[in-house]
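In this note's numbering, the protein residues as written are 918 to 1198. Positions of the beta carbon are idealized from the N, C-alpha and C atoms, including for glycine.
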């Protein structure tokens, strides 16, 4: 591959997009297909997965993208469908809201972190042999900052960024490109619709298609952080250089969220959303 700001280099590239049945994943699959990529669409929602694949002329590979055996099977099937895998979009994710049960932490760890680790185990030998390969992780701005109202999501997205950094540092000089997509509010099923959404995402929410366009642009210059919301860079800088100031600001936001809940301004909490499985009760 020879990336440039002209997306024509994507023509003929073999691409896997997990969690592509809706939201950012669906938008990415459409945008990549328009650029001429051979796209394998993955989602645990088989109906949504097949629908997107049909829409773009891609290959439907419904199923889990997190468990070890499932990741092995997904990548094996993708290679059969599209040949070599040039880009792997680790997009599937889970957000359990304010739930703090052991099972919520375990699911979040599996989907938001270990899915990426397991994918790299499968992909890395071939990529190193070829001297090229690209991993694009949907890590969320929560992975750089935090996500009020969802401990498991915030912590595991931080871990997703850390893993991506490690892969880039370890294999970047051997042809492996790693990029982290870190948007704030995006109009998908994972956008909170309770008081957290009212306070934190009251403005600046992007459409999934806008994010996909930003990703295509970023593929051309190999930037590690893909920030559809540019202000995230400033927030991240403040967090690093003035952590006490940053935490004070986050506590102010939390206070607003608490007040919204107490005043009855909050709407009912939305169902748990998993980009790989759809709504959960």
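Where residue i falls: helix, strand or coil (DSSP)
i, result
"residue 1052", "strand"
"residue 1249", "Residue 1249 lies beyond the residue range present for the chain, which begins at 918 and ends at 1198; the question has no answer from this structure."
"residue 1114", "Summary for residue 1114: the model assigns pLDDT 47, below 50, so the residue's position carries little reliability; its value from the coordinates is reported in the next sentence. Residue 1114 falls in the helix class under three-state DSSP."
"residue 1109", "In this prediction, residue 1109 has a pLDDT of 49, which is less than 50 and means its spatial position is unreliable; what the coordinates show is noted afterwards. Correct three-state label for residue 1109: coil."
"residue 1123", "strand"
"residue 1159", "coil"
"residue 1167", "helix"
"residue 928", "coil"
"residue 1065", "coil"
"residue 1175", "helix"
"residue 1086", "helix"
"residue 938", "coil"
"residue 983", "coil"
"residue 952", "coil"
"residue 1000", "coil"
"residue 1137", "coil"
"residue 1059", "helix"
"residue 1020", "helix"
"residue 1180", "coil"
"residue 962", "coil"
Proximity winner among the options, relative to residue i (alpha-carbon distances)
i, options, result
"residue 1129", "1159, 1043 and 951", "951"
"residue 1087", "1037, 948 and 1177", "1037"
"residue 1045", "1001, 927, 1032 and 1104", "1001"
"residue 940", "997, 1104 and 925", "1104"
"residue 1175", "1066, 1143 and 1160", "1066"
"residue 1072", "1022, 984, 1082 and 1158", "1022"
"residue 946", "1048, 1063 and 1125", "1125"
"residue 1121", "1144, 1133, 1139 and 1136", "1144"
"residue 961", "1134, 1173, 1138 and 1008", "1008"
"residue 973", "1050, 948, 1134 and 990", "948"
"residue 1102", "1064, 1171 and 1138", "1064"
"residue 1054", "1161, 967 and 1031", "1031"
"residue 990", "968, 1011 and 959", "959"
"residue 1136", "1161, 1159 and 1050", "1050"
"residue 955", "968, 1170 and 927", "927"
"residue 924", "1139, 968 and 1161", "1139"
"residue 1074", "969, 1133, 1010 and 1123", "1010"
Cross-strand partners of residue i (DSSP beta bridge)
i, result
"residue 1097", "1054 and 1142"
"residue 1005", "933 and 1052"
"residue 969", "Beta-bridge pairing links residue 969 to no other residue."
"residue 976", "957"
"residue 1078", "DSSP output for residue 1078 lists no bridge partner at all."
"residue 1128", "For residue 1128, which the question treats as bridged, DSSP gives no partner whatsoever."
"residue 1149", "Bridge partners of residue 1149: none, in fact."
"residue 1103", "1123"
Distance CB(residue i)-CB(residue j) smaller than 8 Å
i, j, result
"residue 1100", "residue 1013", "no"
"residue 988", "residue 1052", "no"
"residue 938", "residue 965", "yes"
"residue 957", "residue 995", "yes"
"residue 935", "residue 929", "no"
"residue 992", "residue 1040", "yes"
"residue 1003", "residue 953", "no"
"residue 933", "residue 1005", "yes"
"residue 1077", "residue 1016", "no"
"residue 1079", "residue 1097", "no"
"residue 1062", "residue 1153", "yes"
"residue 1035", "residue 985", "yes"
Do the region 1161-1176 and the region 973-985 meet, that is, are 3 or more Cβ pairs less than 8 Å apart?
-> no
Would you say the region 1087-1098 touches the region 1013-1033, given that touching needs at least three Cβ pairs under 8 Å?
-> no
Is it a yes or a no for the region 1132-1151 touching the region 1043-1061, going by three-plus beta-carbon pairs under 8 Å?
-> yes
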